[in-house]
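A.B. asks: Pasting a structure here, questions to come.
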Amino acid sequence: MSSHWIEAKAQGGADRRADPADGEFDDRLIAMLPRLRRFARGLTGTAAEADDLVQAACERALTRRHQFEAGTRFDSWLFRIVQTIWIDQLRARQVRKEDGEVGDEQLGSDAPVRRIEARLALSEVRRAIERLPPDQRTVLMLVTVEGLSYREAAAVVGVPVGTVMSRLARARIALHQALARRSTANAHPQ
40 MSSHWIEAKA QGGADRRADP ADGEFDDRLI AMLPRLRRFA RGLTGTAAEA DDLVQAACER
100 ALTRRHQFEA GTRFDSWLFR IVQTIWIDQL RARQVRKEDG EVGDEQLGSD APVRRIEARL
160 ALSEVRRAIE RLPPDQRTVL MLVTVEGLSY REAAAVVGVP VGTVMSRLAR ARIALHQALA
220 RRSTANAHPQ
């Protein structure tokens, strides 16, 4: 863990004695971890990068808890933090010309055939999602995986609802086309 997170957590412990609402903040943050990790995994495409992204988001949320406005959606605020950090990381990669792709996941040789086929299909879907533009991928993950409404996703991303609908439609079409091309190629090997 980073020293910043430990310091923020230590400060949070001191603050919790002064303000019982901080304990509620911590509890809500902990409860959101599985959803944040799922969202981050959808954005990054790898478990390791997703974990790093969630850790950075938790660190930022803890150090900026005073910026959360009571009465607003806590999950939307956290998703926005994850998305902002991810965008910053993408921009930094572009500057450094890093390649964020990771090799295919190894499959166990003793797995049943259906399990292997399911993993392969899931892997194809993940690769297709990773090839989507970042704005489409973000909206797709928020709406289809996290179950946010168009309005909630628009608030997280900071765009009008119509833009969310448009990005989601384009993402779904692109996914459908990518997977259809893939299945056609598999059905007619050369």
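Residues 40 to 229, numbered by our numbering, are exactly what the sequence shown covers, in order.
From the three backbone atoms N, C-alpha and C, an ideal C-beta is built for every residue, glycine too.
1) Identify whether Ser162 lies in helix, strand or coil by the three-state DSSP scheme.
2) Please report how far the alpha carbon of Gly81 lies from the alpha carbon of Phe113, in whole angstroms.
3) Can you tell me where the alpha helix (DSSP H) holding Gln133 begins and where it ends?
4) Give the secondary structure of Ala170 by DSSP, where H, G and I count as helix, E and B as strand, and everything else as coil.
5) Drop a sphere of 10 angstroms on the beta-carbon of Gln106, count the other beta-carbons inside from all chains shown, and report buried for 16 or more, exposed for fewer.
6) If distances are taken between C-alpha atoms only, which option among Gly110, Thr123, Thr83 and Ala87 comes closest to Ala96?
7) Hey, is the segment 169–177 in contact with the segment 200–217, meaning 3+ C-beta pairs nearer than 8 Å?
8) Please return the same chain residues whose Cβ sits closer than 6 Å to the Cβ of Ala217, not counting the five positions on each side in sequence.
9) Start and end of the alpha helix (DSSP H) containing Glu98?
10) For Ile126, I'd like the list of residues in its chain whose CB is within less than 8 Å of its CB, leaving aside the five on either flank, ordered along the chain.
11) Would you call Glu191 buried or exposed, if buried means 16 or more other Cβ atoms sit within 10 Å of its Cβ?
C.D. replies: So, from the listed chains and residues:
1) helix
2) Rounded to the nearest angstrom, the two C-alpha atoms are 20 Å apart.
3) Phe113 to Arg135
4) Residue 170 is actually Arg in this sequence, not Ala. In the structure shown, Arg170 sits in coil (DSSP, three-state: anything other than H, G, I, E or B).
5) exposed
6) The shortest C-alpha separation from Ala96 is found at Thr123.
7) yes
8) Ala167
9) Ala86 to Thr102
10) Pro173
11) Under this definition Glu191 is a buried residue.
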